[in-house]
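Take a look at the structure set out below.
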Amino acid sequence: MSAIMDSFAEIAEMAPYYNFKNLVETGIGTDLLKGGLAVARILELQAYSCDNIPDRWMQAREVYPEAILGLMESVEFLRDVTPRIHGPTFFFLDAHLGTAGDLWPLYDELQTLTTVRDCSRDVIWCDDIQHIADPANPACKGQRVGYTRADGTIWPGDTKHTLAEYIACLSETHDADVVSTVLRFRPKVGE
Ligand SMILES: C[S@@+](CC[C@H](N)C(=O)[O-])C[C@H]1O[C@@H](n2cnc3c(N)ncnc32)[C@H](O)[C@@H]1O
1272 MSAIMDSFAE IAEMAPYYNF KNLVETGIGT DLLKGGLAVA RILELQAYSC
1322 DNIPDRWMQA REVYPEAILG LMESVEFLRD VTPRIHGPTF FFLDAHLGTA
1372 GDLWPLYDEL QTLTTVRDCS RDVIWCDDIQ HIADPANPAC KGQRVGYTRA
1422 DGTIWPGDTK HTLAEYIACL SETHDADVVS TVLRFRPKVG E
């Protein structure tokens, strides 16, 4: 698990190249100085984020009044909000392993995004993809795959979809690679 701020330099370099207007994060988290809202403020991008835990959403509303924030499930947020967002957008999909809602909505998030929005000029990064429990997934190497729930039972990671199936969600418009534990989609040249 890493915070988006750890990749600030790379995102700052990409922003003018792709002409980002917005930053959409799913999963506000607890450290507001290291999350997507902080990155968006520094880069002067319109910020959007969501969380399904009320305290996290409320705190973010106080610190980042300029941001558009949803107290909702990430899939719902992407479905309802992203069709109305104009211009090239940087997405950081990081709403998972929470105590409320879905444990791992990432595959549904990608399916939803590509259904409701023309993403062809967007860059989309998905964090923590070591949890795609596919032997062909390089992010699993040296990482714990899965999660111990609060009740002590184990979630083994996403055993339903391979990494190739995730990549296929955007394969018409994007190239993909895995850097550390992040699955990164970038628009195909000429798209
Ligand atoms: C890893 S933290 C996000 C960290 C933040 N993006 C950063 O880079 O610092 C994940 C957050 O997602 C939230 N979350 C988990 N599952 C979610 C879901 N299905 N919908 C919305 N938020 C969710 C959790 O409550 C938690 O605050």
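In terms of our numbering, the sequence shown opens at residue 1272 and continues consecutively.
Here a beta-carbon is modelled for each residue, glycine too, at the ideal position from N, C-alpha and C.
Just so we're clear, the structure is a prediction, and the values are computed from it rather than from any experiment.
Within 10 angstroms of the Cβ of Asn1323, are there 16 or more other Cβ atoms? Answer buried if so, exposed if not.
That one is buried.
By alpha-carbon positions, which one of Gln1317, Phe1348, Ile1356, Val1352 ends up nearest to Ala1338?
Answer by Cα proximity: Gln1317.
Cα-Cα, which of Trp1426, Glu1443, Lys1431 is closest to Arg1415?
Proximity to Arg1415 across Trp1426, Glu1443, Lys1431 peaks at Trp1426, based on C-alpha coordinates.
Environment of Ser1442 [buried if 16+ CB atoms lie within 10 Å]
By the beta-carbon neighbour count (other beta carbons within 10 angstroms, threshold 16), Ser1442 is exposed.
Just list the beta strand (DSSP E) runs in the stretch 1319-1405, keeping only unbroken ones of 3 residues or longer that don't cross its boundaries, in chain order.
Within the stretch 1319-1405, the complete beta strand (DSSP E) runs of at least 3 residues are 1339-1342, 1360-1364, 1394-1397.
Looking only at DSSP bridge pairs, what is Gln1317 linked to?
Beta bridge pairing from DSSP links Gln1317 with Asn1293.
If we ignore side chains and look at the alpha-carbon of each, how far apart do Trp1396 and Val1346 end up?
Straight-line spacing of the CA atoms in Trp1396 and Val1346 works out to 15 Å.
Does the structure place the stretch 1361-1368 close enough to the stretch 1283-1295 that three or more beta carbon pairs sit under 8 Å?
Result yes; three or more Cβ-Cβ pairs closer than 8 Å.
Alpha carbon to alpha carbon, what distance is there between Ala1309 and Met1276?
Straight-line Cα distance between these residues: approximately 8 Å.
Is it buried or exposed for Asn1290, if we count other Cβ within 10 angstroms and need 16 for buried?
Asn1290 comes out exposed.
By Cβ distance, which residues of its chain are closer than 7 Å to Cys1440, with the 5 residues on each side in sequence left out?
Contacts found: Leu1381, Gln1382, Thr1385.
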